[in-house]
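Asks:
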Amino acid sequence: MILKLFYLSSGLFMGWSLGANDAANIFGTAVGTKMVRFTTAAIISGVFILLGALLSGAGTTGTLGALGAIKALPGAFIVSLTAALTIMSMTKAGLPVSTSQAIVGSILGWNFFAGATTDYTVLYRIAGAWLFTPILAALFSVGLYFLFKAILENIKIHLFSLDWIIKLSLILAGAFGAYSLGMNNIANVVGVFMSVSPFVDIQVGDYFVLSSLQQLLFFGGASIAIGVITYSKNVMMTIGSGIYRLSPVTALIVVLSSSLVLFLFASENLQAGLIALGLPAIPLVPVSQSQGVVGAISGIGIAKGGGNINTRLLGKIVVGWLLTPLCAGILSYISLFIMQNVFLQKVFI
Amino acid sequence: MNFFLTSFFKKKMRLEQEVEAYLNCLAEICGSFTLGVKSYLEGDQDTFRKCSKATSQGEKKADEILKNIKYHLYANTLYPDYQKDITLIFDQMDDVADISNQVLIQLSLESPYIPAQVKELFSELVDYSCKTTGELVNGARHLFHNRVMIEDHANKVYFYENEANRILERILTSVHQGDYLTELAYKRHVALFAIKILSISEQAYKVAKRLVFYLIKSDTDSY
Amino acid sequence: MKNIIQNKSKDLQNEIDNYLKCITDSSLLFFEGAREAYRGDYDDAENRYRDISELERRADEHLKAIQYKLYAYNIAPDSRADIFELLDGLDDIVDRAKKNIFQICVEKPVIPDCMKDDFIAITAASVDAVDILIQGVRSFFEDVNSLEGYIKNVYLYEKKADALEEKIKRSIFQSTVVEELARKFQLRYYVEKIAMLSDLAENLAKKMLMYKIKRII
Chain A
959 MILKLFYLSS GLFMGWSLGA NDAANIFGTA VGTKMVRFTT AAIISGVFIL
1009 LGALLSGAGT TGTLGALGAI KALPGAFIVS LTAALTIMSM TKAGLPVSTS
1059 QAIVGSILGW NFFAGATTDY TVLYRIAGAW LFTPILAALF SVGLYFLFKA
1109 ILENIKIHLF SLDWIIKLSL ILAGAFGAYS LGMNNIANVV GVFMSVSPFV
1159 DIQVGDYFVL SSLQQLLFFG GASIAIGVIT YSKNVMMTIG SGIYRLSPVT
1209 ALIVVLSSSL VLFLFASENL QAGLIALGLP AIPLVPVSQS QGVVGAISGI
1259 GIAKGGGNIN TRLLGKIVVG WLLTPLCAGI LSYISLFIMQ NVFLQKVFI
Chain B
270 MNFFLTSFFK KKMRLEQEVE AYLNCLAEIC GSFTLGVKSY LEGDQDTFRK
320 CSKATSQGEK KADEILKNIK YHLYANTLYP DYQKDITLIF DQMDDVADIS
370 NQVLIQLSLE SPYIPAQVKE LFSELVDYSC KTTGELVNGA RHLFHNRVMI
420 EDHANKVYFY ENEANRILER ILTSVHQGDY LTELAYKRHV ALFAIKILSI
470 SEQAYKVAKR LVFYLIKSDT DSY
Chain C
200 MKNIIQNKSK DLQNEIDNYL KCITDSSLLF FEGAREAYRG DYDDAENRYR
250 DISELERRAD EHLKAIQYKL YAYNIAPDSR ADIFELLDGL DDIVDRAKKN
300 IFQICVEKPV IPDCMKDDFI AITAASVDAV DILIQGVRSF FEDVNSLEGY
350 IKNVYLYEKK ADALEEKIKR SIFQSTVVEE LARKFQLRYY VEKIAMLSDL
400 AENLAKKMLM YKIKRII
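Chains as they are written, first to last, in the working numbering: chain A, 959 to 1307; chain B, 270 to 492; chain C, 200 to 416.
1. Counting along the chain, where does the alpha helix (DSSP H) carrying phenylalanine 317 (chain B) start and finish?
2. How would you call isoleucine 274 (chain C), buried or exposed, if buried means at least 16 neighbouring beta carbons within 10 angstroms?
3. Could you work out which residue in A:Ala1011, A:Ser1119, A:Trp1279 and A:Leu1284 is closest to glutamine 212 (chain C) when comparing CA atoms only?
4. Would you please state the rounded distance, in angstroms, between the beta carbons of tyrosine 248 (chain C) and isoleucine 300 (chain C)? I believe it to be under 8 Å.
5. With distance defined between alpha-carbon atoms, name the residue in A:Ala1085, A:Tyr1103 and A:Ala1074 nearest to alanine 1027 (chain A).
6. Could you please give the first and the last residue of the uninterrupted alpha helix (DSSP H) stretch that includes phenylalanine 913 (chain A)?
7. Whole angstroms is fine: what's the gap from lysine 353 (chain B)'s alpha carbon to methionine 1194 (chain A)'s?
8. Considering Cα atoms alone, identify which of A:Pro1156, A:Ser1038, A:Ile1258 and A:Gly1179 is closest to leucine 1139 (chain A).
9. For chain A, find out if any of its Cβ atoms is closer than 9 Å to the Cβ of glutamine 212 (chain C); answer yes or no.
10. Which residues bound the alpha helix (DSSP H) around valine 1162 (chain A)?
11. Indicate whether the contact test is met: 3 or more Cβ pairs, each with one atom in the stretch 333 to 351 of chain C and one in the stretch 240 to 257 of chain C, closer than 8 Å.
12. If we ignore side chains and look at the alpha-carbon of each, how far apart do aspartate 240 (chain C) and phenylalanine 384 (chain C) end up?
13. Can you find a CB in chain B that lies within less than 9 Å of the CB of leucine 403 (chain C)?
14. By the criterion of Cβ-Cβ separation under 7 Å, what are the contact partners of aspartate 287 (chain C) in chain B?
15. Looking at the secondary structure, which residues open and close the alpha helix (DSSP H) in which leucine 227 (chain C) lies?
16. So the beta strand (DSSP E) valine 1245 (chain A) belongs to, where does it begin and stop?
17. What are the residues of the stretch 365 to 391 of chain C that lie near chain B, defined by any Cβ-Cβ distance shorter than 9 Å?
18. Does histidine 422 (chain B) have its Cβ less than 9 Å from a Cβ in chain C?
19. In the stretch 317 to 345 of chain C, which residues sit with their C-beta less than 9 Å from some C-beta in chain B, listed in chain order?
20. According to DSSP, is phenylalanine 1166 (chain A) part of a helix, a strand, or is it coil?
21. For a quick check, are the C-beta atoms of glycine 977 (chain A) and serine 1181 (chain A) less than 9 Å apart?
22. Which residues bound the alpha helix (DSSP H) around histidine 458 (chain B)?
23. In whole angstroms, what is the alpha-carbon distance linking glycine 1198 (chain A) and leucine 966 (chain A)?
24. Hey, is glycine 1004 (chain A) close to the ligand PLP, as in C-beta under 8 Å from one of its heavy atoms?
25. Interface residues of chain A around serine 225 (chain C) at Cβ under 9 Å?
26. Run down chain B in chain order and give the residues with a C-beta less than 7 Å from the C-beta of phenylalanine 301 (chain C).
27. Check the Cβ-Cβ distances between lysine 1191 (chain A) and every residue of chain C, and say whether any is below 9 Å.
28. For lysine 413 (chain C), decide whether its Cβ has a neighbour in chain B, counting only Cβ atoms nearer than 9 Å.
29. How far does the alpha helix (DSSP H) with isoleucine 1065 (chain A) in it extend, from its first residue to its last?
30. Smallest Cα separation from histidine 341 (chain B): which of B:Val306, B:Lys279, B:Ser308 and B:Gln361?
31. Could you give the residue range of the alpha helix (DSSP H) that holds valine 377 (chain C)?
32. Taking threonine 1018 (chain A) as the reference, give the member of A:Val1080, A:Lys1107, A:Leu1110 and A:Trp1279 with the closest Cα.
33. Can you look up isoleucine 303 (chain C) in the DSSP assignment and give me helix, strand or coil?
34. Near serine 1127 (chain A), what residues of its chain come up, given a Cβ to Cβ distance below 7 Å and the 5 sequence neighbours on each side ignored?
35. Please report the straight-line C-alpha distance between glycine 1010 (chain A) and proline 1206 (chain A), rounded to a whole angstrom.
36. According to the Cβ coordinates, are glutamate 347 (chain C) and leucine 408 (chain C) closer than 9 Å?
Okay, here's the thing in structure tokens:
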């Protein structure tokens, strides 16, 4: 069991770093401008990330499972570890990377190493979702910007009452953002372990079964929550966060827009509803929240008249789309080779 | 990484040293100003001239140090969020030194007749001006560390400025309603010098308020 | 979290309302006191001075409470420095009004009869500028879209005060009504100090406009 948990640790580490870095995108401005205390933000983030992962994380997790069904625990360990290492080195190099892109690259590396067939339909859906994330976030933020502007220009409300409403909205939006992050990005944390979960189903009472997938989602969600609570304060308080410098209202728009995108790409109920209505279904794909934030900020820039669009950053994101999965894939391939031939561990069955 | 951190801390320390030097300079100006005015009131022209010279030199030295402070602040991008506030605080503090110098220069040029009936009050007014400057300097010493002390010193500045105002009122009442000065021109001459000396406290009061604004803006309550 | 669930802003709003009332009352008392002084009723003017001093003391207490509550209730943290700077600036106006009344009561300047109406007019213009400014400050909190109208009016009254200042100074120095140079300087000094009230109001109005722009999303 200890060995199994050791293999799971790479995913949990991925979850911890996701929580440490991405929580700043949800509550960065609210905490940075002192609208919300860090403790409040951390607790809300932790609880809702866990809920999102547990209640709605199965969809995106299933998509990654469909891309590459890793049936050996050492293989899953390597895939998760190489994704995490890729993220670390890309971040150091100053590229805004996505956990999703790294894990997909690592999975593809495993597919090539194990000789497994890659489902290119799933891959194209995933790539399409990455492309649409900043675009959709920008569209949402443009719409929300004009809506908020119209409301604020036409209501007569005391400055302090408005401040209170914005604070409450930031908390609610933050809760929604945390839930969306949990439901969408849990796949990056535990998706590769889906086929080799070290847990067994637990019978609780006569009618309730805690499945191994649910346990996996729980531990994954918990690792993200712990990352938020233990390390995200530094990130929230520094200028590193993409939304740190925004005003509270603009930050609210950005959080809502990026969270809506994550929600769209993770909600099984929404997908089922669209299918029932005969409409094209939105694929359930883990997407990058940071890139959604960049898209949303750009959207506000466009709404304000076209300035403030950080084309350099957008360019870096495009480079990241190509470079991240490639680097992760190569590193995964090499590491799998070492794991199999040096440490004599079976990385595929 | 270590190299950059060390370099950054060295730059910050350098700035803090310059600020300390500036504040010491201001405290010296305050001391020589007080002695200068009191010497004038006592008729000790020698000491008055020496103090005037010292104040003038101190004011020039303060200007030089202030240039260095601004240079270190902007060239090394220290305290980027508060550069404007810090610069404004020191510019306004510089006005305290300028006004002190101007008062002594005007005393030297115009040689106003200060009646014996208000000399004691003038001496008190100068003492309060010195106290407001002193508390202001003490408050500004906490600009970068232990900032909670700023408000304590600011409150003292407000208090001493209020006291200085009371002394001014007594001077003006005495000068205008007493019978020892008959000509309006003389009354106004004395009154204007009293108002000018008070303006040192008023300027210190303005800077103290700016320090408090800076504190509000940059507060880092624990969360 | 408690601060968010319980909306404590009402408490702070009341504090600000009371503070603004003190400022308004001070400016009105200043006008009455100044008018009485121009008429030669210095005893009544001194009573006004004492009333203004009391209002100033109360205003200071309200201002301290406002500063505390802005912090303690964590209200509008992104704009509280601006709010406090704006409200604190109003304190300078009361201070100036108090000093003006005091100096008039103590120095008892002799204002020629032909200039009394102009002195009353410049005092009224300055006080009106302050009054409109206070209305603008209320608008800043409650209806920011109407702020610009108030600011324009402050500028108008300040210009009116400037024009009257110039007129009075010309009368003082170019006519023979006031002969003694010291008296000319004295009257000029008072006119400048009275007009200063409208200048302070204009400066604050400009700051308010800047704060309004910062609030645009």
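Note that CB positions come from ideal geometry on N, CA and C, so glycine has one too.
Replies: Based on what the coordinates show:
1. Run containing phenylalanine 317 (chain B): 314 to 344, per the alpha helix (DSSP H) assignment.
2. Buried is the label assigned to isoleucine 274 (chain C), since at least 16 other Cβ atoms lie within 10 Å of its Cβ.
3. The shortest C-alpha separation from glutamine 212 (chain C) is found at A:Ser1119.
4. In this structure tyrosine 248 (chain C) touches isoleucine 300 (chain C) by the C-beta definition: roughly 5 Å separates them, less than 8 Å.
5. Cα-wise, what sits closest to alanine 1027 (chain A) is A:Ala1074.
6. Here chain A covers residues 959 to 1307 and nothing more, so residue 913 (chain A) does not appear.
7. If you take the alpha carbons of lysine 353 (chain B) and methionine 1194 (chain A), they lie about 24 Å apart.
8. Cα-wise, what sits closest to leucine 1139 (chain A) is A:Gly1179.
9. Closer than 9 Å to some Cβ of chain A, the Cβ of glutamine 212 (chain C) qualifies, so yes.
10. Taken as a continuous stretch (DSSP letters only), valine 1162 (chain A) belongs to no alpha helix (DSSP H), being part of the beta strand (DSSP E) at 1160 to 1162.
11. Counting Cβ pairs under 8 Å, fewer than three are found: no touch.
12. Cα atoms of aspartate 240 (chain C) and phenylalanine 384 (chain C): separation of roughly 23 Å, rounded to the nearest angstrom.
13. By this cut-off, leucine 403 (chain C) is not an interface position.
14. Under the 7 Å cutoff, chain B gives Lys478.
15. Residues 208 to 238.
16. Neither: valine 1245 (chain A) is in no beta strand (DSSP E) and is coded neither H nor E.
17. Taking 9 Å as the Cβ-Cβ cut-off against chain B, the residues of the stretch 365 to 391 of chain C that qualify are Glu379, Leu380, Ala381, Arg382, Phe384, Gln385 and Tyr388.
18. By this cut-off, histidine 422 (chain B) is not an interface position.
19. Closer than 9 Å at the C-beta level to chain B, one finds no residue of the stretch 317 to 345 of chain C.
20. Three-state result, phenylalanine 1166 (chain A): strand.
21. Taking C-beta atoms as the reference points, glycine 977 (chain A) and serine 1181 (chain A) count as a pair closer than 9 Å.
22. Counting along the chain, the alpha helix (DSSP H) containing histidine 458 (chain B) begins and ends at 453 to 486.
23. Summary for glycine 1198 (chain A): the model assigns pLDDT 44, below 50, so the residue's position carries little reliability; its value from the coordinates is reported in the next sentence. If I take the Cα positions, the gap works out to 29 Å.
24. As far as ligands go, the structure on display features none, and thus does not contain the ligand PLP.
25. Ordered by position in chain A, no residue passes the 9 Å Cβ test against serine 225 (chain C), which lies about 24 Å from the chain.
26. From the beta-carbon of phenylalanine 301 (chain C), the residues of chain B found nearer than 7 Å are Glu438.
27. Closer than 9 Å: no.
28. False, the Cβ-Cβ gap to chain B never drops below 9 Å.
29. For isoleucine 1065 (chain A), the enclosing alpha helix (DSSP H) stretches over residues 1057 to 1072.
30. Among B:Val306, B:Lys279, B:Ser308 and B:Gln361, the Cα nearest to that of histidine 341 (chain B) belongs to B:Lys279.
31. Boundaries for valine 377 (chain C): no alpha helix (DSSP H) harbours it, and the DSSP string shows neither H nor E there.
32. For threonine 1018 (chain A), the nearest C-alpha among the options comes from A:Val1080.
33. Helix at isoleucine 303 (chain C).
34. Leu1210.
35. In this model, glycine 1010 (chain A) and proline 1206 (chain A) are separated by some 25 Å (Cα to Cα).
36. In contact: glutamate 347 (chain C) and leucine 408 (chain C) (Cβ atoms closer than 9 Å).
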